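A.B. asks:
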Amino acid sequence: MRGAKRLVPLAAVLLISGPLGGCAVNTGLMGSFADQTSDQQAVKQVKKTENDAEPSLSQRLSALWNRATASSEDDELETVAPAESFEPAEALALVNRYREDNGLPPLDLDPQLEQAALAHAQDLADHDRISHFGSDGSDPWERVQRTGYDPKVAAENVGTGQLTFGELFREWKRSPDHNSNLLLPDATHMGVAVVQNPDTQFKTFWSLVVGAPS
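For the sequence shown, the residue numbers in mature numbering (1 follows the signal peptide of the UniProt record, and there is no 0) are -24 to -1, 1 to 190.
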């Protein structure tokens, strides 16, 4: 939703220490989940982000110009990867540029992680909610394993209500937990998806999964 009636977008984060020692999964502003050997703990905490005013036509034109000249990253992000025509490759390029700027190796799109991201985004859209726990009680580690991916490390960021991946990416970078997932040093792959459901309050449901195989 846009303008005065637009809902405040949400983002969520999860931290998972997997079955192997030293494996970590961070996910956004929602809570944290830890799996330490046989013990499991879950902490849920929802935190709303600031509501951005709807950009004017002149602001959008300015954003397009800044994207062409690469002079303003924040303005550029407003136009990157709109939900209506979302391309995972565009999101991958944005994440990899950010990782490169921070001295980290790039990620590759992985079909299994894309499957995990899409399944969770669809589940969130079906139930109009934001969480790292699926409607069946699954956590990100379990959802990644279901695809056949054998993770050494896995991380998930989610968000709802953002109109573009660029807008969401900007919010994730400003959140320490989300940001740590984007810059997960051991990650080698990622999958990302968005599902739109106009019959819900949030309208758009995003999921990003990064990981590395065992």
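Note that the Cβ used here is the ideal one computed from N, Cα and C, for glycine as well.
In this text the structure is predicted, and so the values were computed from the model without any measurement.
Whose C-beta lies closer than 7 Å to the C-beta of VAL71 among residues of the same chain, with five residues either side of it excluded?
C.D. replies: LEU83, LEU158, MET166
A.B. asks: I'd like the list of long-range same chain contacts for THR176, defined as Cβ closer than 7 Å, with 5 residues on each side in sequence excluded.
C.D. replies: ALA101, ASP104
A.B. asks: So, helix, strand or coil for GLN16, using DSSP?
C.D. replies: Low per-residue confidence applies at GLN16: pLDDT is 30, beneath 50, and the placement is therefore not dependable, though the value from the model is reported in the following sentence. Strand at GLN16.
A.B. asks: Check this for me: beta carbons of ALA59 and VAL170, under 8 Å apart or not?
C.D. replies: yes
A.B. asks: Is the closest heavy atom of the ligand MG to the C-beta of GLY142 under 7 Å?
C.D. replies: The ligand MG is not part of the structure shown, which contains no ligands of any sort.
A.B. asks: Could you name the residues that DSSP lists as bridge partners for HIS165?
C.D. replies: ASP84, GLY187
A.B. asks: Kindly indicate which residue of LEU160, TRP117, ASN173 has the alpha-carbon position closest to the one of GLN138.
C.D. replies: Comparing alpha-carbon positions, the option among LEU160, TRP117, ASN173 lying closest to GLN138 turns out to be ASN173.
A.B. asks: Please work out which residues of its chain come closer than 6 Å, Cβ to Cβ, to SER111, disregarding the five sequence neighbours upstream and downstream, and give them in chain order.
C.D. replies: ASP99, HIS103
A.B. asks: Kindly indicate which residue of PRO127, LEU184, LEU68, PHE141 has the alpha-carbon position closest to the one of SER107.
C.D. replies: LEU184
A.B. asks: Are the beta-carbon atoms of VAL120 and ALA92 separated by less than 8 Å?
C.D. replies: yes
A.B. asks: What's the call for PRO127, buried or exposed, on a 16-neighbour Cβ count within 10 Å?
C.D. replies: buried
A.B. asks: Which residues mark the beginning and the end of the alpha helix (DSSP H) in which PRO116 is found?
C.D. replies: 116 to 122
A.B. asks: If I measure Cβ to Cβ from ASP86 and keep anything under 8 Å in the same chain, skipping five residues before and after, which residues do I get?
C.D. replies: TYR125, HIS165, MET166, GLY167, GLY187
A.B. asks: Within a Cβ cutoff of 7 Å, which residues of the same chain sit near GLU63, ignoring the five residues on either side of it in sequence?
C.D. replies: ALA57
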